[in-house]
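If you read the protein sequences in the order shown, they are chains C and D. Read in order, the letters of the first sequence correspond to residues -16 to 120 in my numbering. Read in order, the letters of the second sequence correspond to residues -16 to 120 in my numbering. Where is the CB? At the ideal position from N, CA and C, for every residue including glycine. One structure below.
2 protein chains.
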Amino acid sequence: MTQFTLDSRLIADTIPVGDLSLSRVLLMNDSRYPWLLLVPRLPDIREFIDLDMTNRARIWREIEDVSEMMRHEFSPHKLNVAALGNVVPQLHVHVIARSLDDAAWPRPVWGVGDRIPYEPDAGQVLAARLSAALGYL
Amino acid sequence: MTQFTLDSRLIADTIPVGDLSLSRVLLMNDSRYPWLLLVPRLPDIREFIDLDMTNRARIWREIEDVSEMMRHEFSPHKLNVAALGNVVPQLHVHVIARSLDDAAWPRPVWGVGDRIPYEPDAGQVLAARLSAALGYL
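Structure below.
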């Protein structure tokens, strides 16, 4: 059985937040939006429907939990939830807290301008805060 | 209690496919991609987490069913599954069958060029075919 490995492009663009029961949670290192990724810790998964029934139920629940947490922490105007994977096929689910004055509104965030990384300390502090918030759900 | 009504912009851009247990299924009238929308037939729902637990389970299941059907019918290179709602806030879930030679690949489909509507007959025929395919899942 192949082992889970995180795509190098996902590692490069993110700050680790923590592990839920199925998914690794990553903070996109882009200070323009509160933007999390959920990546199931299983090998060879491209689509939701590549997951077995147990893990489908897990990831839906984790999307709900992360969404509730994002709503509580950021009071977004709208959440964006998406699994695209055209560039990085490893299944990763975006949960993005959108606001009316963010850099891309009302467009989707992908491909709009360049990432603006967090200041190193700020990224770590935010990741720790979101990790704690997920723990307290 | 408010009644369910479909946002007029969703009506304008789509061809009806049919109703699942929770969602109305719509075919995006854009011949560049096989592209379905799922819209829960409930009033005042903007986010997945606005649904109660029973209906959350329903919509996840319906996303799985529509995804399986799309994979079977179109053998896409990748499925895109997304709930954005920045322009039309009524919850609608995109399930899009992407291929390596489609008009937007590898970009997301939103905001890329203009819709190319189906020929009227072709759109109705495809909607009927997908409706049947969903019934036979």
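*What does Leu20 of chain C touch in chain D if you count any residue whose Cβ is under 9 Å from its own?*
The residue you call residue 20 of chain C lines up with position 37 of the first sequence. Within 9 Å Cβ-Cβ: nothing; Leu20 of chain C doesn't reach chain D, min ~14 Å.
*Could you tell me which of D:Ile79, D:Leu74, D:Lys61, D:Leu9 sits nearest to Ile28 of chain C, measuring between CA atoms?*
Locating residue 28 of chain C in the first sequence gives position 45, counting from the first residue. It is D:Lys61 whose Cα lies nearest to the Cα of Ile28 of chain C.
_By the three-class DSSP mapping on this structure, what secondary structure does Pro(-1) of chain D have?_
Your numbering for residue -1 of chain D matches position 16 in the second sequence. Per DSSP, reduced to three states, the secondary structure at Pro(-1) of chain D is strand.
*In whole angstroms, what is the alpha-carbon distance linking Arg54 of chain C and Leu67 of chain C?*
Reading the first sequence from its first residue, position 71 is the one you call residue 54 of chain C. Reading the first sequence from its first residue, position 84 is the one you call residue 67 of chain C. Going by the C-alpha atoms only, they are around 22 Å apart.
*Three-state secondary structure assigned by DSSP to Ser6 of chain C*: Residue mapping note: residue 6 of chain C aligns to position 23 of the first sequence, counting from 1. Three-state DSSP puts Ser6 of chain C in a strand.
*asked:* To the nearest angstrom, how far is the alpha carbon of Leu83 of chain C from that of Glu102 of chain D?
replied: One-based indexing of the first sequence puts residue 83 of chain C at position 100. One-based indexing of the second sequence puts residue 102 of chain D at position 119. Just so you know, the alpha carbons of Leu83 of chain C and Glu102 of chain D end up roughly 37 Å apart.
*Quick one: what's Met11 of chain C bridged to in DSSP?*
Taking the first sequence and counting its residues from 1, one reaches residue 11 of chain C at position 28. Bridge partners of Met11 of chain C: C:Thr(-3).
*What residues from chain D crowd round Pro72 of chain C, counting only those whose CB sits closer than 8 Å?*
Residue mapping note: residue 72 of chain C aligns to position 89 of the first sequence, counting from 1. Those are Lys61, listed as they occur along chain D.
*In the structure shown, what three-state DSSP assignment does Pro72 of chain C receive?*
In the first sequence, the residue the question calls residue 72 of chain C occupies position 89. Coil, per DSSP.
_Short of 7 Å in beta carbon distance, which residues of its chain neighbour Asp(-10) of chain C, apart from the five on each side in sequence? Order them along the chain._
Position 7 of the first sequence, counting from 1, holds the residue named residue -10 of chain C. Closer than 7 Å at the Cβ level, and outside the excluded window around Asp(-10) of chain C, lie Val71, Gln73.
*Buried or exposed (CB count within 10 angstroms, at least 16 for buried), Thr(-3) of chain C*: Locating residue -3 of chain C in the first sequence gives position 14, counting from the first residue. Counting Cβ neighbours within 10 Å, Thr(-3) of chain C comes out buried, since at least 16 surround it.
*Take Asp97 of chain D as the anchor and find which of D:Gly1, D:Tyr16, D:Val0, D:Ser6 has the nearest alpha-carbon.*
The residue given as residue 97 of chain D occupies position 114 in the second sequence. For Asp97 of chain D, the nearest C-alpha among the options comes from D:Tyr16.
*Going by DSSP, what residues sit across from Val22 of chain C in a beta bridge?*
For the purposes of this step, residue 22 of chain C is taken as the residue at position 39 of the first sequence. BP columns for Val22 of chain C point to C:Arg7.
_Taking CB distances under 9 Å as the criterion, tell me whether Asn69 of chain C reaches chain D._
Reading the first sequence from its first residue, position 86 is the one you call residue 69 of chain C. Yes, contact with chain D.
*How about Phe31 of chain D: is its C-beta nearer than 9 Å to some C-beta of chain C?*
On the second sequence, residue 31 of chain D is found 48 positions in, with the first residue counted as 1. Answer yes: the Cβ-Cβ gap between Phe31 of chain D and chain C drops below 9 Å somewhere.
*State yes or no: is the beta carbon of Arg98 of chain C nearer than 9 Å to at least one beta carbon in chain D?*
Taking the first residue of the first sequence as 1, we reach residue 98 of chain C at position 115. No, because no Cβ of chain D sits closer than 9 Å to the Cβ of Arg98 of chain C.
*asked:* Suppose you measure from the CA of Leu9 of chain D to the CA of Asn63 of chain D; what does that come to, to the nearest Å?
replied: Along the second sequence, one-based indexing puts residue 9 of chain D at 26. Along the second sequence, one-based indexing puts residue 63 of chain D at 80. Roughly 16 Å between the two C-alpha positions.
*Inter-residue Cα distance where the pair is Ala116 of chain D and Arg39 of chain C*: Here residue 116 of chain D refers to the residue found at position 133 when the second sequence is read from its first residue. Here residue 39 of chain C refers to the residue found at position 56 when the first sequence is read from its first residue. Distance between the alpha carbons of Ala116 of chain D and Arg39 of chain C is about 22 Å.
*Which residue comes first and which comes last in the alpha helix (DSSP H) that contains Leu109 of chain D?*
To locate residue 109 of chain D, count along the second sequence from 1; it is residue 126. Under the DSSP assignment, Leu109 of chain D falls in the alpha helix (DSSP H) whose first and last residues are 103 to 118.
*asked:* Is there a Cβ of chain C sitting closer than 9 Å to that of Gly1 of chain D, yes or no?
replied: For the purposes of this step, residue 1 of chain D is taken as the residue at position 18 of the second sequence. For Gly1 of chain D, no CB of chain C lies under 9 Å from its own CB, so it is not counted at the interface with that chain.
*Secondary structure at Arg41 of chain D, three-state DSSP: helix, strand or coil?*
Position 58 of the second sequence, counted from the start, is the residue given in the question as residue 41 of chain D. Helix.
*Please list the partners that Ser50 of chain D has in chain C, where partner means a Cβ-to-Cβ separation under 8 Å.*
The residue labelled residue 50 of chain D in the question sits at position 67 within the second sequence. Simply Glu30, Phe31, Ile32.
*Segment limits, beta strand (DSSP E) that includes Leu62 of chain D*: The residue you call residue 62 of chain D lines up with position 79 of the second sequence. 61 to 66 is the span of the beta strand (DSSP E), which, as asked, contains Leu62 of chain D.
_Using the three-state DSSP reduction, which class does Ile46 of chain D fall into: helix, strand or coil?_
If you number the second sequence from 1, residue 46 of chain D lands on position 63. In this structure, Ile46 of chain D counts as helix in the three-state DSSP scheme.
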